[in-house]
Amino acid sequence: MSTAVALRGIRKTYGKTTALDGLDLEVREGEFFCLLGPSGAGKTTTLKTVAGLELPDSGTVELGGKDMRGVEPYDRGVAMCFESYALYPHKSAYDNLASPLRSPRHRLPAAQARERIGEIAELLGISALLDRPVGRLSNGQRQRVALGRVLVRPARAFLLDEPLSHLDAKLRQQMRAELKAIGAVQHTTTLYVTHDSVEALALGDRIGVIRDGRIVQTGTREEIWYRPCDTEVARAFGRPRINLLPGVVTQDGGFRSADGKVELSVGAQAAPGTDVLIGLRPRDITLRGPGHELTGTVYVTEVLGRSVEVTVRLGEQQVSLVAPRPDTTGLRPDDPVRLSVRPENLLLFEADRPERPGRRIEKSA
Ligand code: ADP
Ligand code: MG
Numbered sequence: 001m002s003t004a005v006a007l008r009g010i011r012k013t014y015g016k017t018t019a020l021d022g023l024d025l026e027v028r029e030g031e032f033f034c035l036l037g038p039s040g041a042g043k044t045t046t047l048k049t050v051a052g053l054e055l056p057d058s059g060t061v062e063l064g065g066k067d068m069r070g071v072e073p074y075d076r077g078v079a080m081c082f083e084s085y086a087l088y089p090h091k092s093a094y095d096n097l098a099s100p101l102r103s104p105r106h107r108l109p110a111a112q113a114r115e116r117i118g119e120i121a122e123l124l125g126i127s128a129l130l131d132r133p134v135g136r137l138s139n140g141q142r143q144r145v146a147l148g149r150v151l152v153r154p155a156r157a158f159l160l161d162e163p164l165s166h167l168d169a170k171l172r173q174q175m176r177a178e179l180k181a182i183g184a185v186q187h188t189t190t191l192y193v194t195h196d197s198v199e200a201l202a203l204g205d206r207i208g209v210i211r212d213g214r215i216v217q218t219g220t221r222e223e224i225w226y227r228p229c230d231t232e233v234a235r236a237f238g239r240p241r242i243n244l245l246p247g248v249v250t251q252d253g254g255f256r257s258a259d260g261k262v263e264l265s266v267g268a269q270a271a272p273g274t275d276v277l278i279g280l281r282p283r284d285i286t287l288r289g290p291g292h293e294l295t296g297t298v299y300v301t302e303v304l305g306r307s308v309e310v311t312v313r314l315g316e317q318q319v320s321l322v323a324p325r326p327d328t329t330g331l332r333p334d335d336p337v338r339l340s341v342r343p344e345n346l347l348l349f350e351a352d353r354p355e356r357p358g359r360r361i362e363k364s365a
């Protein structure tokens, strides 16, 4: 598959702030790529660098295999949707959607433009708002108009900066489901920025995790979920969060918790005595399943709808698990419980250090 967008060794500083610190990123032709990271990680700067709105201090930007040095934003052929949407407040939503189609490069005959705008407006649920001035719309409505403005015209790539962040939870969920079904999105390389891991998992053909101006891991949702590169990536995905219990690697490559109460054979590819964290995802722990067994006592239970989050004391540690409601009927605080975890679901990491999160340790099969 050919590469649509390639960033190599991008550095970008603003005064003393390093926004991008040697960022490498490749987005394949036609894919929906999610760039996930916390606020301040460098996501917006990455998009602006692709669009040519910011010039890197060093490094190269390639679009369709061509070096973009010296190429003006307008000539790059990408369409970007900003977090702070640049709309014309006095013009109607319709005119805001239509203006990209009036530019010399993308001019469409009026009838075709109307059809295309109608289609996009329908998909974004703003058909009834088209006559209203954008300045009188709610934030969520404005955000959808801004997204529509990007999707309405053909582009080599869409660059979307947290385009659903101002929508209420219900609408966000609905739009998330619909976004990938939009024809233009299906056929166009999309680089989608978000700080929401649920969104990244739902939308991304692949996900790039950005931290402090660098990509720390790129992969499919399965790769990121089952083989997170370090504890911070493991913590970023999944709610409730992954349980991380401190301990050491034993002589035979097993795990023993710091309090000596939990022992698991894991086949750690690390020297005995290494300080480690074992990672157990709450939905991978069952109350009556096959696998390794752990015994503990119930600390607290919390109903999450059809499932129940159970916090269990294991020695001096607590772990949370999510179980179907029937499995938890009758559980009371201080009740003894047996937990099971399949060996393949155990993740092992080096202990976290002040300067960096613990990296994943391989296990023997
Ligand atoms: P994100 O979009 O992931 O929240 P940004 O790319 O906006 O992150 O910002 C990355 C870093 O660069 C942050 O520390 C931010 O404060 C800084 N930064 C971004 N734009 C500017 C600017 N125009 N002037 C100064 N600092 C900036
Ligand atoms: Mg941003």
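Numbers 1 to 365, taken from the UniProt record's numbering, label the letters of the sequence shown in order.
Even for Gly, the Cβ is constructed at its ideal location relative to N, Cα and C.
- Unbroken beta strand (DSSP E) stretches of 3 residues or longer found wholly inside the stretch 296–364: 307–314, 317–324, 336–341 and 347–350, given in chain order.
- Note that the C-beta distance between Arg360 and Leu346 is not below 8 angstroms.
- Those residues that have a beta carbon less than 6 angstroms away from any non-hydrogen atom of the ligand ADP are, in order along the chain, Tyr14, Thr17, Ala19, Gly37, Ser39, Gly40, Ala41, Gly42, Lys43, Thr44 and Thr45.
- Residues Tyr192, Val193, Thr194, Glu199, Ala200, Leu203, Gly204, Arg206, Ile207 and Gly208 of the same chain have their beta carbon placed closer than 8 angstroms to that of Cys34, with the five preceding and five following residues left out of the count.
- Taking the Cβ of Asp161 as the reference point, at least one heavy atom of the ligand MG falls within a distance shorter than 7 angstroms.
- Take Glu115, set aside five residues on each side of it, and no residue of its chain has a beta-carbon closer than 8 angstroms to its own.
- Boundaries of the alpha helix (DSSP H) harbouring Ala111: Ala110 to Leu124, taken from the DSSP string.
- Three or more beta-carbon pairs drawn from the stretch 265–285 and the stretch 241–256 are found closer than 8 angstroms, and the two stretches are therefore classed as touching.
- Closest by C-alpha distance to Leu7, out of Ala98, Gly65, Thr13 and Met1, is Gly65.
- Shown here, Lys16 sits in coil according to DSSP, grouped into three states, outside any helix or strand.
- Bounds of the beta strand (DSSP E) holding Arg211 are Arg206 to Arg211.
- The C-alpha of Lys261 is placed about 45 angstroms away from the C-alpha of Asp168.
- Taking each of Pro246, Leu245, Gly183 and Leu280 in turn and checking the Cα distance to Gly238, the smallest one comes out for Leu280.
- Sequence-distant Cβ neighbours of Glu178 in its own chain, meaning closer than 7 angstroms and more than five residues away, are Leu123.
- Taking the C-beta atoms as reference points, Asp21 is found no nearer than 8 angstroms to Arg28.
- The count of Cβ pairs closer than 8 angstroms, one atom from the stretch 90–97 and one from the stretch 129–144, reaches three, so the stretches are in contact.
- In the structure shown, the three-state DSSP call for Pro56 is coil.
- When C-alpha distances from Leu151 are compared across Asp67, Arg325, Lys180 and Ala184, the shortest belongs to Ala184.
- Secondary structure at Val134: helix, using DSSP grouped into helix, strand and coil.
- Under DSSP, no beta-bridge partner is assigned to Glu232.
- Judged by DSSP secondary structure, Thr218 falls within the beta strand (DSSP E) whose first and last residues are Arg214 to Gly219.
- Listed in chain order, the non-local C-beta contacts of Tyr299 below 7 angstroms within the same chain comprise Thr311, Val312, Arg313, Gln318 and Pro333, local neighbours out to five positions each way being set aside.
- Tyr192 sits in a strand when the DSSP states are folded into three classes.
- For Arg76, the uninterrupted alpha helix (DSSP H) segment begins and ends at Pro73 to Arg76.
- Straight across, the Cα-Cα distance linking Ile120 with Gln174 is about 15 angstroms.
- Non-local C-beta neighbours of Ala41 in its own chain, meaning closer than 6 angstroms and more than five positions away in sequence, comprise Ile210 and Arg211, ordered along the chain.
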